[in-house]
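S.K.: I am attaching a structure below and will ask some questions about it afterwards.
Number of protein chains: 2
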Amino acid sequence: MNAIKLGILGGGQLGRMLLQAGLDFNLYTLVLDPDEHAPCRHLCEEFVHGDFKDYDTVYAFGKRCTHVTIEIEHVNVDALFALEKDGIQVYPKPASLQTIQDKGLQKEFFQKNNIPTSDFRLLQDAAELEANVDFLPAFQKLRRGGYDGNGVTRLSSANDFHKAFQAPTVLEKLVEFETEISVICARNVQGEVKAFPVVEQVMHPEHNLVDYLLAPAQIAYKLQRMAIEIATHVTTGLDIVGLLAVEMFVTRDGQILVNEVAPRPHNSGHHTMKANATSQFEQHLRAILGLPLGDAEPHCPAVLVNLLGEAGHSGEAVYEGLETTLQEPGVHIHLYGKKFTRPFRKMGHLTVLAPTIEEVKQKADTIKNRLKIIA
Amino acid sequence: MNAIKLGILGGGQLGRMLLQAGLDFNLYTLVLDPDEHAPCRHLCEEFVHGDFKDYDTVYAFGKRCTHVTIEIEHVNVDALFALEKDGIQVYPKPASLQTIQDKGLQKEFFQKNNIPTSDFRLLQDAAELEANVDFLPAFQKLRRGGYDGNGVTRLSSANDFHKAFQAPTVLEKLVEFETEISVICARNVQGEVKAFPVVEQVMHPEHNLVDYLLAPAQIAYKLQRMAIEIATHVTTGLDIVGLLAVEMFVTRDGQILVNEVAPRPHNSGHHTMKANATSQFEQHLRAILGLPLGDAEPHCPAVLVNLLGEAGHSGEAVYEGLETTLQEPGVHIHLYGKKFTRPFRKMGHLTVLAPTIEEVKQKADTIKNRLKIIA
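So the sequences go chain by chain: P and U.
Using the UniProt record's numbering, the first residue of the first sequence is number 1, and each one after it goes up by one.
Using the UniProt record's numbering, the first residue of the second sequence is number 1, and each one after it goes up by one.
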């Protein structure tokens, strides 16, 4: 594998975990990120400090690689088209990425390909909202550039129009759902597809907040099969090479609707580093390097607890309660290499393993609040 | 964990896998190695090009760290004593390392602590061999500096004396053994000890060569318990903090004899990265950082196949047959980041996983010769 020069657009935690898995394959790695303190900076052969949204920067970076991949969607896709034309292996393919980068095109793709998804309307600007009052309650989502809940606002009635986005958006009909689930699929250069088991967002029994992710999801077997079928269908339809994380709703009447997709390693797959023989990161690398995909079956049930910076704390991170957290058998920590914490910043995650679903949930409830990231 | 500055003496594959696991803990890492192309060079915050056998180099390096550990035994122990005195956390402790570095002191330690081991005699030089002809057949081992089969010679009779070492050596009575096994123990700063299951060397049915390592070992349960008890006893006796790999013989009459020990991650534990919730590398880090030890139980049986450079090939490594090797479900590769291959150079390993011992052995037999590392 000496001949492979893998360039990664983005040097955050997803890139970092990809590099970590990439060590197994002895790749020459390059990373492009606008933050000179990016978590990847010390973990690659070449760290390039630059903007992955800029055409010239991405093109020049990619020309030094044999393979180019991403850890964030919001990159300059025109440069990727040019690199692909020049014979660089760019995965996900620029055409797939172009559709996914724009939530409007994503929705239209779902519609054209009979992929179940919530009703939507495309708006050029907020002025068009008045004509769509009948469509509320809905979520208004920026077509481009949103991430991690940014770029999304809930519009219940015309009274909320003051907080509406002024840019091109998708207006998505509010879905009454039972559960949010996700499936991560991998598809390699040769077209082989494998899906990781369905992951479920478990909500806190009182607060309306995600408590943790549970794998495998505790939904009916039929729904699991349906979710995997849909995710596989989307992956093939979008001509993905690499990973595709497919986020879905299970509605109260037992339907599955695709919410949105991301063509890269995803937060809902981090537990695979501990619970599965093949992690999502190894799978992504196998896929884009044209290797056979690994076994995606889990060894055991797992819970993923995201570690966020404590509210009210900004500054150099201190991990309080680490010892008592790791004292529980089957609990593992993964920190993202970030020196500074901020309120709700994703600083790492815990993976909890146990032989049964009951035990893993119980263990997660026991330890989930022991670790505090303060400054 | 921002405050920890972990220095590793040695930048080879063991250091590389330790750094890979260390990413989970967000440590600031420094590596010292005399080879400027060492596999660790791009994977740490500071790579120091220098000799880990030199007092001044090791002392100066260690003074920049909060914690110092090793990936090779043959380091300057006097410098480590000085660092320990200065309050740096040095694990394994210099005193443990001093005993282990000298195979003569190791043997005397086993003897004094009632740890079963083969008979031995200590020789100042080859001239003393004549007086010990009665002790043959035996292995003559260099007291210091041997590694990976280097520094060991078999003396069957006086006719072999021409190939004897001239330096201080241990003469070890030849043991008629059934199986070679190893147990890796971890002991943390607080004194907690955990052992990974016993690993067995499986020999090729025809050639007298190790075919692969099998975990867990297929020896009687009583012998497994005995092996773990002995390894735990040695670990505590040597006051280890970190890992201790204990290599043992199972004799034809059902005894267990300790062969030798290494106070660091060990080849016989590499499968734990895939087959266990806690790898030996995570365990070593937990141990030396004073964290609770992780669960050492395996998810499933595993085989470890070492990938050696093909005989007759020297130069830039090419991995032939990688695709057909990885096609087999449950097979994972780990390459060590070495650009050049040489005959029998350790270039990486394969881990094979399966639900049963029979399946894992069968799978290992199927794939073990598919991958060739040529130049």
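For every residue, glycine included, the Cβ atom is placed at its ideal position computed from N, Cα and C.
It should be emphasised that the depicted structure is a prediction, and the values quoted were computed from it without experimental measurement.
In this structure, what does DSSP give as the bridge partners for S182(U)?
M.R.: According to DSSP, which records beta bridges pairwise, S182(U) is partnered with V199(U) and E247(U).
S.K.: Whole angstroms are fine: how far does the CA of K53(U) sit from the CA of M226(U)?
M.R.: Rounded to the nearest angstrom, the two C-alpha atoms are 36 Å apart.
S.K.: So who's on the other strand from R154(P), going by DSSP bridges?
M.R.: Partner(s): F139(P).
S.K.: Quick check on the DSSP output: the beta strand (DSSP E) that includes A82(P) runs from which residue to which?
M.R.: Unbroken run through A82(P) is the alpha helix (DSSP H), V77 to K85; no beta strand (DSSP E).
S.K.: Considering only DSSP beta bridges, list what H49(P) is partnered with.
M.R.: For H49(P), which the question treats as bridged, DSSP gives the partners D33(P).
S.K.: Does at least one heavy atom of the ligand GDP sit under 8 Å from the Cβ of Q98(P)?
M.R.: Absence of the ligand GDP from the depicted structure is noted, as is the absence of any ligand whatsoever, leaving it without description.
S.K.: List, in order along the chain, the chain P residues whose C-beta lies closer than 8 Å to that of I333(U)?
M.R.: Near I333(U) (Cβ distances below 8 Å), the residues of chain P are D24 and F25.
S.K.: Cβ closer than 7 Å: which chain U residues qualify as neighbours of Y319(P)?
M.R.: The answer, in chain order, is M1.
S.K.: Quick test of the definition: if touching needs 3 or more C-beta pairs under 8 Å, does the segment 181 to 193 of chain P touch the segment 145 to 152 of chain P?
M.R.: Counting Cβ pairs under 8 Å, fewer than three are found: no touch.
S.K.: At 7 Å on the CB atoms, spell out the chain U contacts of D295(P), in chain order.
M.R.: Near D295(P) (Cβ distances below 7 Å), the residues of chain U are P329 and G330.
S.K.: Under 9 Å between the Cβ atoms of L43(U) and L43(P)?
M.R.: Yes.
S.K.: At which residues does the alpha helix (DSSP H) containing M347(P) begin and terminate?
M.R.: No alpha helix (DSSP H) contains M347(P), which is instead part of the beta strand (DSSP E) from K346 to L353.
S.K.: Report yes or no: is there a C-beta of chain U within less than 9 Å of the C-beta of A277(P)?
M.R.: A277(P) counts as touching chain U.
S.K.: So which of A354(U), R64(U), V75(U) and L223(U) has the shortest CA-CA distance to T179(U)?
M.R.: Comparing Cα positions, the closest option is L223(U).
S.K.: List the endpoints of the continuous alpha helix (DSSP H) containing T278(U).
M.R.: Looking at the DSSP string, T278(U) is not in any alpha helix (DSSP H), and its letter there is neither H nor E.
S.K.: Chain P beta carbons: is any one of them nearer than 9 Å to that of G348(U)?
M.R.: For G348(U), the answer is yes, since a Cβ of chain P falls inside 9 Å of its Cβ.
S.K.: Applying a beta-carbon distance threshold of less than 8 Å, which residues of chain P neighbour M44(U)?
M.R.: Per the sequence shown, the amino acid found at residue 44(U) is Cys instead of Met. Within 8 Å Cβ-Cβ: H42.
S.K.: Going by the CB atoms, is the gap between V202(U) and V303(U) shorter than 9 Å?
M.R.: Contact: yes.
S.K.: Under 9 Å Cβ-Cβ, which residues of chain U neighbour H284(P)?
M.R.: Simply none; closest approach about 14 Å.
S.K.: Going along the chain, which unbroken runs of the alpha helix (DSSP H) with 4 or more residues stay wholly within the segment 199 to 268 of chain P?
M.R.: The segment 199 to 268 of chain P contains these whole alpha helix (DSSP H) runs: 221 to 237.
S.K.: Can you list the residues of chain U that residue 459(P) reaches, using a CB-CB cut of under 8 Å?
M.R.: The requested residue 459(P) does not occur in the structure, where chain P is confined to residues 1 to 375.
S.K.: Is the separation between the beta-carbon of D102(P) and that of R143(P) shorter than 9 Å?
M.R.: Result yes, Cβ atoms of D102(P) and R143(P) sit closer than 9 Å.
S.K.: At a CB-CB cut-off below 8 Å, which residues of chain P make contact with K274(U)?
M.R.: The contacting residues are A277.
S.K.: For a cutoff of 9 Å on Cβ pairs, would you count M203(U) as touching chain P?
M.R.: M203(U) does not count as touching chain P.
S.K.: Using the three-state DSSP reduction, which class does G104(P) fall into: helix, strand or coil?
M.R.: Reduced to three states, the DSSP call for G104(P) is helix.
S.K.: List, in order along the chain, the chain P residues whose C-beta lies closer than 7 Å to that of P292(U)?
M.R.: Under the 7 Å cutoff, chain P gives E323, L326 and Q327.
S.K.: Going by the DSSP bridge assignment, what does E320(P) pair with across the sheet?
M.R.: Paired residues: K372(P).
S.K.: Alpha carbon to alpha carbon, how far is G294(U) from L257(P)? Give it in angstroms, no decimals.
M.R.: Near 39 Å, if we compare the C-alpha coordinates of G294(U) and L257(P).
S.K.: Are the CB atoms of P116(P) and F109(P) nearer to each other than 9 Å?
M.R.: No, they are not a contact pair.
S.K.: Out of K363(P), S314(P), K274(P) and F340(P), state which residue places its alpha-carbon closest to the alpha-carbon of C300(P).
M.R.: When only C-alpha atoms are compared, the closest one is K274(P).
S.K.: Using 10 angstroms around the beta-carbon of G254(U), count the other beta-carbons present and answer buried if the total reaches 16, otherwise exposed.
M.R.: G254(U) should be labelled exposed.
S.K.: So V303(P) is in the beta strand (DSSP E); what residue range does that whole segment cover?
M.R.: Unbroken beta strand (DSSP E) run through V303(P): A302 to L308.
S.K.: For R16(U), return the contacting residues in chain P, with the cut-off set at a CB-CB distance below 9 Å.
M.R.: Under the 9 Å cutoff, chain P gives L23.
S.K.: So which residues of chain U does C300(P) contact, with C-beta pairs closer than 9 Å?
M.R.: Chain U residues near C300(P): A277 and H299.
S.K.: Which residue or residues does DSSP assign as beta-bridge partners of P298(U)?
M.R.: In DSSP, P298(U) forms a bridge with N276(U).
S.K.: Going by the beta-carbon positions, is the gap between M17(U) and H207(U) smaller than 9 Å?
M.R.: Not in contact: M17(U) and H207(U) (Cβ atoms no closer than 9 Å).
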